[in-house]
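Residue numbers (my numbering), protein chains in the order written: chain A, 1 to 418; chain B, 419 to 836. Note that the Cβ used here is the ideal one computed from N, Cα and C, for glycine as well. Quick caveat, the model's predicted, so the values are computed rather than measured. First the structure, in the form of structure tokens, and then the observations on it.
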């Protein structure tokens, strides 16, 4: 069989598994997920050996130290995966919930019921923990999953899926509910994202180029976020101590993630007070500042920002700073250069806050808090499969509910249409 | 400027308009929509003249009588469009609704608020009423819209959009909130569906080949349904009088639409009673029957059904009939050959109904009612922009709420992430 037929078979099997998964009770899925965690626990040695093989191959292939670090598993990282699967097992099952119910004048009772999406394809890069995390979230929501990890982590991913399946099967995990694409042929991704009727959704997780490539090929829906160019705007009515704490946290607490601040906007009426103080503190923390002319007028040591800086997702200890004449100018800057991810205003003025939250077109808009809170865990969702910067289906942090769809069940007593 | 630049400009303008639309109050949008209807009323003569030009060109180009009929406007059809716009004006505005609100242990208040999707592209074929209907639904939900109608209705669509815009502008419709692609260049569709960052959603309305072409080209999300191969299953525990009424309605009341029945499944235990009766009645009503062998054993005049018949969306007075040995076989047939649109069971057995509604993976699943009710109006949504057979974002009839997204607004008092 060729790749095309292999993938169609995989799709058919996933579809059949998704039907079986939709029949499982919440209690049954809890037991299966615990057993999948047990499966990794029991096959820990095999997982670590397979990972060592990947790391050796990666070292010989000249992978960077950063990539090798993301790839490498140890006991503590395996413990993390097990713990995460058990945490997902313990979450509330959203499937089957009645979302609404109404009765039509002709007596038809319409029930909108939450159901699984069906078959989900996950495409990701080097980190093997994505294998366990996403499989767990999909099974919890009764979705069959087809995993496609990076070629550099193939043996780790094979060992992990084997371990989860072996564990899960003892408690009734349907066959083919979790499948891993075992070829490193790049065409497998194209086949996966074009399997309409078999694959209901694809979630690419990784760098922007991976995600763009998936979107370009896809014929099935894609849930994604490209990047996070997040802003903090310090308003004329800001509490400047609060502003300083939020700016420091949003930039420095973990600069390499998508919800970290990349650009700071400061209202001109507070700039003379705030910018020198901010510059002193962030420079002390080793942040490189790049500012507009007005900024550099206040603090000459700030480097010059170019047009590219306003678009940049540094993911690093670099911050672009701009002084704006008004709230409206701040909103305009964010809607123009931002990526619809997370943006914050610091202000004591309720009307300014209302205007900002209404007009800034981002998944999460903050008043007097750090952008770093955009996260399924911080939002209280218990789990996160990713963050969406689309406005279609799901927006912002995506937890279990975002992996579901609904159906209408209509109860009649013989009604026909007039 | 070339087509690419023209389309980018159109996208930029739509995006700017969408920001203005999101600021409009429910009352203001009501007034604007009434004024858009007034605009068509006042420019009725221009609309009919433009349409006559399209119909003449279509006649000369040899369009079929059916296509010319879909294209042709008269006073009554123009009245229909005006009435439909006024009906949408009067619906409840979903924008701004608080979907949920919760407080985190650190004091952050998270509000999930309903917002517009942004910019929606509508791609459709000959019927000019789609121009008015979809523009109305988009404006009601504060979405900017870019319309791309069929080349055969270009002058009608230009006159209609001009009329709606002229009317709406007098009451504050933002400039470029409604735009029509005025070139018939096919590449404009490709440009439209690949404008990520400017277009948030594309809805193709028309035949299957149009929709497949859009999906193949698209990089932005697409909301669609391909076709409706809908089933009625007459269970062993069915009330056969009720079954007869539902079958007749689902097949004959309007056979050319997507929620009409195409295949009838009958449990073998009631087949000897039901199939001859059904065949007599439907033959009287001029329905051509195509059955499996067991069917033809009961009624020899029924033609032989082939594998293709189970996949067929006839949209005509033709029905395929199959006798099945069990409820499970009926479910399996529907999930295999159906298109996830609308399927019904006729039964007095609650357990059978529960199993059917749980296992049949369709947007709308009926118990003891005709499939013909899958419709925004019949569901009580007040309006319909289409029916989705996808399981992503929206499923089944799509009304105003399905044209919305949400954002998270997070209120803090200086919280930073630990």
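Proximal residues to residue i (C-beta, below 6 Å), its chain only, five neighbours per side dropped
i, result
"residue 782/B", "760, 792, 814"
"residue 405/A", "115, 117"
"residue 46/A", "159"
"residue 70/A", "126, 127"
"residue 349/A", "237"
"residue 748/B", "651, 683, 742"
Residue i burial status per 10 Å Cβ neighbour count (16 or more: buried)
i, result
"residue 610/B", "buried"
"residue 18/A", "buried"
"residue 726/B", "exposed"
"residue 424/A", "Lying outside 1 to 418, the shown extent of chain A, residue 424/A is not represented and no answer is given."
"residue 79/A", "exposed"
"residue 149/A", "buried"
"residue 440/B", "buried"
"residue 754/B", "exposed"
"residue 794/B", "buried"
"residue 387/A", "buried"
"residue 469/B", "buried"
"residue 525/B", "exposed"
"residue 218/A", "buried"
"residue 769/B", "exposed"
"residue 29/A", "buried"
"residue 579/B", "buried"
8 Å Cβ cutoff, residue i in contact with chain A
i, result
"residue 798/B", "yes"
"residue 777/B", "yes"
"residue 755/B", "no"
"residue 597/B", "no"
"residue 831/B", "yes"
"residue 486/B", "no"
"residue 694/B", "no"
"residue 814/B", "yes"
"residue 520/B", "yes"
"residue 786/B", "yes"
"residue 780/B", "yes"
"residue 808/B", "yes"
CB contact check: residue i to chain B, cutoff 8 Å
i, result
"residue 233/A", "no"
"residue 393/A", "yes"
"residue 172/A", "no"
"residue 122/A", "no"
"residue 407/A", "yes"
"residue 365/A", "yes"
"residue 110/A", "yes"
"residue 204/A", "no"
"residue 334/A", "no"
"residue 118/A", "yes"
"residue 192/A", "no"
"residue 343/A", "no"
"residue 269/A", "no"
"residue 245/A", "yes"
"residue 38/A", "no"
Whole-number beta carbon distance between residue j and residue i, since they are thought to touch under 8 Å
i, j, result
"residue 763/B", "residue 414/A", "With 8 Å as the limit, residue 763/B and residue 414/A do not qualify as a contact, their Cβ atoms being about 13 Å apart."
"residue 411/A", "residue 778/B", "Contact flag wrong, Cβ pair sits at about 14 Å."
"residue 575/B", "residue 549/B", "5 Å"
"residue 688/B", "residue 713/B", "Not quite, the Cβ-Cβ distance comes to about 13 Å (not below 8 Å), so this is no contact."
"residue 651/B", "residue 700/B", "With 8 Å as the limit, residue 651/B and residue 700/B do not qualify as a contact, their Cβ atoms being about 16 Å apart."
"residue 616/B", "residue 563/B", "About 13 Å separates the two Cβ atoms, so there is no contact after all."
Cut-off 7 Å between Cβ atoms - residues of its own chain near residue i, not counting five sequence neighbours on either side
i, result
"residue 427/B", "none"
"residue 82/A", "37, 40, 41"
"residue 227/A", "208, 258, 313, 339"
"residue 780/B", "756, 758, 759, 760, 761"
"residue 588/B", "453"
Same chain only: Cβ atoms within 8 Å of residue i, ignoring 5 sequence neighbours per side
i, result
"residue 249/A", "370, 372"
"residue 473/B", "486, 489, 490"
"residue 168/A", "32, 33, 35, 36, 39, 139, 177, 178"
"residue 58/A", "67, 68, 71, 152"
Sufficient close CB pairs (3 or more, under 8 Å) joining the segment 533-548 of chain B to the segment 617-630 of chain B: yes
At least three beta-carbon pairs within less than 8 Å, the segment 310-320 of chain A to the segment 281-301 of chain A: yes
The segment 444-455 of chain B in contact with the segment 553-565 of chain B per 3-pair CB rule at 8 Å: yes
Contact the segment 593-608 of chain B vs the segment 508-524 of chain B: 3+ CB pairs below 8 Å: no
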